[in-house]
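Here the structure comes first, spelled out in structure tokens, and everything after it is commentary.
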Amino acid sequence: MPDAHGTAGTERVRPIPQRYYLDLHSHSTDASDDAGGTVEGYLKWIVARRKKGFQIHGIVLTEHRQFDPDVDYSDIARRYDVVVLRGAEVETDVGHVLVYGIDERFTKQFDLSNVALPYADIFQAAYDMGGFAVGAHAGRPRIGLAEHVDTRGVSLAPVRAIEQLNGGSNDDENGRALELAEAHGLHRVGGSDAHFVSAIGRCLTAFAHPITSVEALVEALHSGDYYPVTVEQTLEAEAE
Amino acid sequence: MSEAQRYFQEVDLGDEYEEEMTPTTELVRTFLGLNPARGGPGDGRFDSDEGARSIGLRAAIVPGSMSFSIISRLVHDWMGPEGTVHSIDVSYRRPVQQNDHLKLLALVTDAEETPEGPRVKLDLYMENDRGERPLQGTAVVELPQRA
Amino acid sequence: MTSDVETQDAQFDYDKSVVGVNVDLGEFRLSPEQVMKYCEAMGESNPLFATGEIAPPGILSSVSFPGSGLDAKVKFGNATFMAGSRMEFFAPIKANETLHVRTKVKEVYGKTGRSGTMVFVVRRTEFVGDSGDVVAAIEQSQVHREVEAS
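Chains as they are written, first to last, in this note's numbering: chain A, -17 to 222; chain B, 243 to 389; chain C, -15 to 134.
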């Protein structure tokens, strides 16, 4: 029976200590119309979770269909000692895509409010402009890559990584994403897709080194040295 | 079932409160009968599985307004008679099927003294036995201070 | 009058002129008997509502009003569903208190999800007491979708 946390597809490995855990996919009331979590609410929750032994070093806010370059969470991030980075979740002709390292060139080239952006252009432009793109919740119907590959045979040539472990997807959907990644040699990330406070950090990406800037995040994503985990696995790592 | 009064000082981040209920077909009919003048979509989605399937659903569903009433009851039960609801905000992510066994969950995500009084924020979830969460939301409640 | 907007699957148009226009729907009053009947149906056992003098806030999601406000006339999809409800309560909802109701279409927008492209219409309804103060406000979001019989 699938559980609401969608843990299928996580590696049953012994997590390496000293990994750096970031939630790469979240939405807040600041900019996502379907979110109920505030940024401060997320950070308070993370602090509370840390007290119980879970490791969540930071989050990336990936609001729907927009990116405001002037928004700055550095003060609140410092106050709660949680890294807060920003990207966006855009909508393309093969589903949703998480984009990190968005700059003015990107927002000039693409209208992020368009719900049918050309995926190949999005992925390639992200790389060309010093950023990185990830196929979001890749196993979900319609808005995940797997279905478009299976039913329409879309090319994965521009795709290097997918969000294989998504906190809002069920076990079957995360499993489907795992199959896609393994079949095509794609790197895998994890993200909560939190819209509400208590969901933040439910799924994470384990990186080899600390990441405190979007530039460092992009560099790490290019490296391929990361994997998706559930927050419970960070507790096990602490216990190692 | 409403619990004894809950006080602001007794609330901690991460506290969970859970109830269970099953919105039976009979209960749905009772709810719709509270206000027959309200009308409905007219496609039979609340009346029968056949009506529901005519619009691509698996089975007869619970009206959204009833799901809201169910989750607001959870909040009322949690807060006690001296609590005050300031807001309830829900998203209907999937249809709620009639006769599904539901877990109703409230989690405390914040508790702070504000100039307007002590406020507690809750995340609210409705979860079925398939692990789906057809309804998610938040509430802001004011709780009394223990003297 | 109508505004065309592109989405992934199709264009949709709607009557942009209704957005933001408040319409008075008249007034209504809840009786203690209605309140208690609602509490019994929903299993509300909080002693606050026991006498029917104070209504559980959720009761507003079950009442009907004279009229329904302006229609955004969205031309998309073949079925509508409730997508979200936000209720704010500024004062207790009392039985036998006259509440004046006004409503407006707040916004219309499109997005994609698991089930395809959707168009959302958000309506804001306010309940005003005799004092002129807003007692409660509801924002309900209805989603227009294309569905196939299963």
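Note that CB positions come from ideal geometry on N, CA and C, so glycine has one too.
Task: Contiguous beta strand (DSSP E) assignments of at least 3 residues, all confined to the stretch 103 to 134 of chain C - done: Segments of the beta strand (DSSP E) lying fully in the stretch 103 to 134 of chain C: 118 to 129.
TODO: Give every residue of the same chain whose Cβ lies closer than 6 angstroms to the Cβ of G(-12) (chain A), excluding the five residues on either side of it in the sequence, and list them in chain order.
DONE: Caution is warranted here: a pLDDT of 40 is assigned to G(-12) (chain A), below 50, making its placement in the model unreliable, and the coordinate value is therefore given only provisionally. The beta carbon of G(-12) (chain A) sits closer than 6 angstroms to the beta carbons of S151, N152, D153 and N156 from its chain, once the five residues preceding and following it are set aside; these are given in chain order.
Task: CA-to-CA distance, H343 (chain B) to G18 (chain A), given in whole angstroms - done: Taken atom to atom, the span from the alpha-carbon of G18 (chain A) to that of H343 (chain B) is near 25 angstroms.
Open item on the list: Can you give me the C-alpha to C-alpha distance between V66 (chain A) and Y93 (chain C), rounded to a whole angstrom?
Closed with: Between the alpha carbons of V66 (chain A) and Y93 (chain C) lies a gap of roughly 29 angstroms.
Task: Backbone secondary structure at N148 (chain A) - three-state DSSP - done: Note: N148 (chain A) maps to strand in three-state DSSP.
Task: Burial state of T395 (chain B) (16 or more Cβ within 10 Å) - done: It is not possible to answer for residue 395 (chain B), since the shown part of chain B is limited to 243 through 389.
Task: V29 (chain A) versus G40 (chain A) - alpha carbon distance - done: Taking C-alpha positions only, V29 (chain A) is separated from G40 (chain A) by approximately 11 angstroms.
TODO: Helix, strand or coil for D(-12) (chain C), going by three-state DSSP, please let me know.
DONE: Confidence is the limiting factor: at D(-12) (chain C) the pLDDT is only 45, short of 50, which leaves the residue's position unreliable and the question unanswerable from this model.
Task: Cβ-Cβ separation, K88 (chain C) to G27 (chain C) (assumed contact under 8 angstroms), whole Å - done: Cβ atoms of G27 (chain C) and K88 (chain C) stay farther apart than 8 angstroms, at about 33 angstroms.
Task: Opening and closing residue of the alpha helix (DSSP H) in which I104 (chain A) lies - done: Y101 to D110 is the extent of the alpha helix (DSSP H) around I104 (chain A).
- [ ] Using three-state DSSP, classify Q378 (chain B) as helix, strand or coil.
- [x] Strand.
TODO: State the start and end residues of the unbroken alpha helix (DSSP H) segment that holds R60 (chain A).
DONE: For R60 (chain A), the enclosing alpha helix (DSSP H) has its first and last residue at S56 to Y62.
- [ ] Could you tell me whether any Cβ in chain C is nearer than 8 angstroms to the Cβ of Y249 (chain B)?
- [x] Chain C contact via Cβ: absent.
- [ ] List the residues of chain B whose Cβ lies closer than 9 angstroms to the Cβ of N152 (chain A), in chain order.
- [x] Simply R372, G373 and E374.
TODO: Look up S8 (chain A) in the DSSP assignment and give the residues it is bridged to.
DONE: For S8 (chain A), the beta-bridge partners assigned by DSSP are A:L43 and A:A176.
Task: Unbroken beta strand (DSSP E) run spanning Y208 (chain A), endpoints - done: Its beta strand (DSSP E) spans residues Y208 to T212.
- [ ] List the DSSP bridge partners of A63 (chain C).
- [x] In DSSP, A63 (chain C) forms a bridge with C:R129.
Open item on the list: Please report the straight-line C-alpha distance between T187 (chain A) and L6 (chain A), rounded to a whole angstrom.
Closed with: Rounded to whole angstroms, the separation of the alpha carbons of L6 (chain A) and T187 (chain A) is 7 angstroms.
- [ ] Would you mind reading off the limits of the alpha helix (DSSP H) that contains I312 (chain B)?
- [x] Segment G306 to M321, the alpha helix (DSSP H) holding I312 (chain B).
- [ ] Alpha carbon to alpha carbon, how far is S56 (chain A) from Y62 (chain A)? Give it in angstroms, no decimals.
- [x] For Y62 (chain A) and S56 (chain A), the gap between their C-alpha atoms comes out near 10 angstroms.
TODO: Establish whether the CB of R124 (chain A) and some CB of chain C are separated by less than 8 angstroms.
DONE: Interface residue, yes.
Task: Interface residues of the stretch 10 to 43 of chain A facing chain B [CB-CB below 7 angstroms] - done: Near chain B, meaning a CB-to-CB distance below 7 angstroms, the residues of the stretch 10 to 43 of chain A are D16, G18, G23, K26, W27 and A30.
Open item on the list: According to DSSP, V79 (chain A) sits in a beta bridge with which residue or residues?
Closed with: Note: V79 (chain A) sits in a beta bridge opposite A:V72 and A:G117.
TODO: Report yes or no: is there a C-beta of chain B within less than 8 angstroms of the C-beta of Y93 (chain C)?
DONE: No, no contact with chain B.
Task: As assigned by DSSP and simplified to three states, the class of F273 (chain B) - done: Residue state, collapsed to three classes: helix.
TODO: Step through the CB atoms of chain C and report whether any lies within less than 8 angstroms of the CB of F273 (chain B).
DONE: Answer yes: the Cβ-Cβ gap between F273 (chain B) and chain C drops below 8 angstroms somewhere.
TODO: Answer with yes or no whether the minimum CB distance from H(-13) (chain A) to chain C is below 8 angstroms.
DONE: Since pLDDT at H(-13) (chain A) reaches only 37, below the 50 mark, its modelled position is unreliable, and no value is offered.
Open item on the list: On the criterion of 16 or more Cβ atoms from any shown chain inside 10 Å, does K62 (chain C) qualify as buried, or is it exposed?
Closed with: Per the sequence shown, residue 62 (chain C) should be read as Asn rather than Lys. N62 (chain C) is exposed by the Cβ-count criterion.
TODO: Identify the contact partners of T351 (chain B) in chain A, using a Cβ-Cβ distance below 7 angstroms as the criterion.
DONE: The contacting residues are G23, W27, V179 and S180.
Task: Buried versus exposed, by CB contacts within 10 Å (16 or more), Q251 (chain B) - done: It is exposed - the Cβ of Q251 (chain B) has fewer than 16 other Cβ atoms within 10 Å.
TODO: Round the Cβ separation of G359 (chain B) and Y334 (chain B) to the nearest angstrom and send it over; I've been treating them as touching at under 8 angstroms.
DONE: So it is not a contact: roughly 30 angstroms between Cβ atoms.
TODO: Compile a chain-ordered list of the residues in the stretch 69 to 82 of chain C whose CB is closer than 7 angstroms to at least one CB of chain B.
DONE: Cβ contacts with chain B: S69, R70, M71, E72 and F73.
- [ ] Taking C-beta pairs closer than 7 angstroms, name the residues in chain C that D254 (chain B) reaches, listed in chain order.
- [x] Within chain C, not a single residue places a beta-carbon under 7 angstroms from that of D254 (chain B); the smallest gap is close to 22 angstroms.
Task: Ranges of the beta strand (DSSP E) found wholly within the stretch 9 to 91 of chain C, counting only runs of at least 3 - done: List check, beta strand (DSSP E) in window: 63 to 73.
Task: Cutoff 6 angstroms; reference F33 (chain C); Cβ partners in own chain excluding five residues on either side - done: So the list reads C23 and P40, once near-sequence residues are dropped.
Open item on the list: Output needed for T44 (chain A): all residues of its chain with C-beta closer than 6 angstroms, excluding positions within five of it in sequence on either side, in chain order.
Closed with: Cβ within range, chain order: H7, G69, A70, E71 and L80.
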